[in-house]
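J.: Could you have a look at this structure, given as structure tokens, before my questions?
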Amino acid sequence: MDGWRQPLLLLWLTSLVATTILGSNAEVVEEEALVKNLTDKLLRVIPHSCNGSSVTELVIEESLITLNETDRLALASYPRLVELHLDGNLVTSIPAKYFSVVPQLRALSLSGNKISSLDPESFSGLDVLSELDLSHNLLTSLHTQIFRRLTNLQVLKLHSNPWNCSCPLLSSIAEAKAAGLTVGGKQITCASPDNQAGRDLLQAAAMCYPSPPSLFTTDPQKAVNSQNSSSHKLNINKDPTPVLGNTWKFAGCVAALAMCTSVLILCAIKGPSLYKLFHNYRHRRLRQEEDAVSTVFSETGRHVNHQTFTFKQDNGQIEEEEEGDGYFEDPYIKSEE
């Protein structure tokens, strides 16, 4: 009985140790699989990922990557990719919606390539992208639509590019600064035109657009061709003269119409009651005047009757005096009798 217990115990201990070692090795392999570094491999295309679901950071630097359609299909095999570093490759341009196959991307570094132009929708689909490095390329301008689609972008590196600091081409930089975007890296200097060469890009943008620009040139190349006309428009914008339109006239007409309508409505509502009140007032005044006239006439009539009566009395006295003229009574004569 004791003879077979010892081998079983030894076998159990061996399996326990093996399981622990294999488990730790598996964790190390899994952690290493999260970051895939292929630097200095001189790769011409991005390799497909067999276990791409676990890779979150892909580093392919100092190679021969050009970001063609094959590379795009390879990137689609990294659905959890969060960081992509393609520094020091041969990328010259980025087609529209190229990185939409890795929508979880938060950091994208394209430094040290040969990028001379970007499509307005080159980074369309990267809704969570927060850091973008475009330094050490051949960029002269950026389309304004690029930053409008990167709503979560926080850090942008643009140094070591031959920037054209003509005002029409700096609208995208001014808009990025107005949106609170941090333009990091070393000092960004202008390469052209000659009067702006060596000047700080951000200062040039601030001089051209003191306030956040509201209207931008949709095609930078057309803006270069029409630099004279754009400069003339810029001079006009620097010294704006307010132009009065017809809005105040329309507002005045509306206000006058509203006042007239209000007066008409008020008259229609209050008119009958006001007329009735005025009518009653006139009737009261007429009655008061009639009463006053009748009172005056009655008093005048009484005075006239009194005078007539008095006049009649005087006439009676006169008649009596006339009748008594023939019979004069002398008191001396009467005493003698």
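Here the sequence shown stands for residues -23 to -1, 1 to 314, numbered as in mature numbering (1 follows the signal peptide of the UniProt record, and there is no 0). Idealized CB from N, CA, C, for every residue including glycine.
1) What's the gap between the Cα of L179 and the Cα of L146?
2) So, are the CB atoms of S99 and A73 less than 9 Å apart?
3) Compare the C-alpha of E60 against each of N138, T159, T33 and S149 and name the closest.
4) Are the beta-carbon atoms belonging to T166 and G157 less than 9 Å from one another?
5) Considering only DSSP beta bridges, list what Q60 is partnered with.
6) Please confirm whether Y42 and V22 have their CB atoms less than 9 Å apart.
7) Could you spell out where the alpha helix (DSSP H) holding A153 opens and where it closes?
8) Have a look at L135, L103 and P97 and flag the residue whose alpha-carbon is nearest the alpha-carbon of H113.
9) Take S30 as the anchor and find which of A51, L15, N257 and L254 has the nearest alpha-carbon.
10) Taking the beta carbon of E152 as the centre, do at least 16 other beta carbons fall within 10 Å, making it buried, or is it exposed?
11) Quick one, are the C-beta atoms of E108 and L130 less than 9 Å apart?
12) Taking the alpha carbon of V36 as the reference point, which residue from K18, A53 and N45 has its own alpha carbon closest?
13) Taking the continuous alpha helix (DSSP H) assigned at E46, which residues delimit it?
14) Since L103 and S149 are thought to touch, with beta carbons under 8 Å apart, how far apart are those beta carbons, to the nearest angstrom?
15) For A235, count the other beta carbons within 10 Å of its own beta carbon; 16 or more makes it buried, fewer makes it exposed. Which is it?
16) Among the residues of its own chain, which have a CB less than 8 Å from the CB of C244, if the five just before and after it don't count?
17) Rounded to whole angstroms, what is the Cα-Cα separation between R261 and G248?
18) Considering only their Cβ atoms, is the gap separating L116 from L133 smaller than 9 Å?
19) Using C-beta distances below 8 Å, list every residue in its chain close to S77, excluding the 5 sequence neighbours before and after it, in chain order.
20) So if DSSP puts E108 in a beta bridge, which residue, or which two residues, is it bridged to?
21) Quick one, which of N138, R49 and T128 has its alpha-carbon nearest S94's?
22) Can T69 and E38 be called in contact, C-beta distance under 9 Å?
23) Grab the span of the alpha helix (DSSP H) containing A183 for me, first residue to last.
24) Check whether the Cβ atoms of R125 and L106 sit closer than 9 Å, and answer yes or no.
25) Is it right to say N14 is buried, meaning 16 or more other beta carbons lie within 10 angstroms of its own, or is it exposed?
26) For S77, which of helix, strand or coil comes out of DSSP?
27) Can you tell me where the alpha helix (DSSP H) with residue 394 in it begins and where it stops?
28) Three-state secondary structure (DSSP) at T16?
29) Going straight from the alpha carbon of F255 to that of S239, what length do you get?
30) Just to confirm, is the Cβ distance from Q81 to P97 under 9 Å?
31) Can you list, in chain order, the residues of its chain whose CB lies under 6 Å from that of C185, leaving out five sequence neighbours each side?
32) According to DSSP, simplified to helix, strand and coil, what is C230?
T.: Looking at the atomic coordinates:
1) L179 and L146: Cα-Cα distance of roughly 12 Å.
2) yes
3) T33
4) no
5) Sequence check: residue 60 is Glu here, not Gln. Beta-bridge pairing links E60 to E34 and A84.
6) According to the sequence displayed, residue 42 carries Ile and not Tyr. A contact, by the Cβ cut-off of 9 Å.
7) S148 to A155
8) Nearest to H113 by C-alpha distance, out of L135, L103 and P97, is L135.
9) Of the candidates A51, L15, N257 and L254, A51 places its Cα closest to the Cα of S30.
10) buried
11) L130 sits close to E108, with the two beta carbons spaced by under 9 Å.
12) Ranking the options by Cα distance to V36, first place goes to K18.
13) E46 to L52
14) About 17 Å separates the two Cβ atoms, so there is no contact after all.
15) exposed
16) Hits under 8 Å: none found.
17) If you take the alpha carbons of R261 and G248, they lie about 20 Å apart.
18) No. Outside cutoff.
19) S101, G102 and L103
20) A84 and V132
21) N138
22) no
23) Start and end: L178 to C185.
24) no
25) exposed
26) helix
27) This structure gives no information on residue 394, because the portion of the chain shown stretches from -23 to 314.
28) coil
29) 22 Å
30) Their beta carbons are not under 9 Å apart, which means Q81 does not touch P97 by this criterion.
31) Correct list, in chain order: C144 and L147.
32) helix
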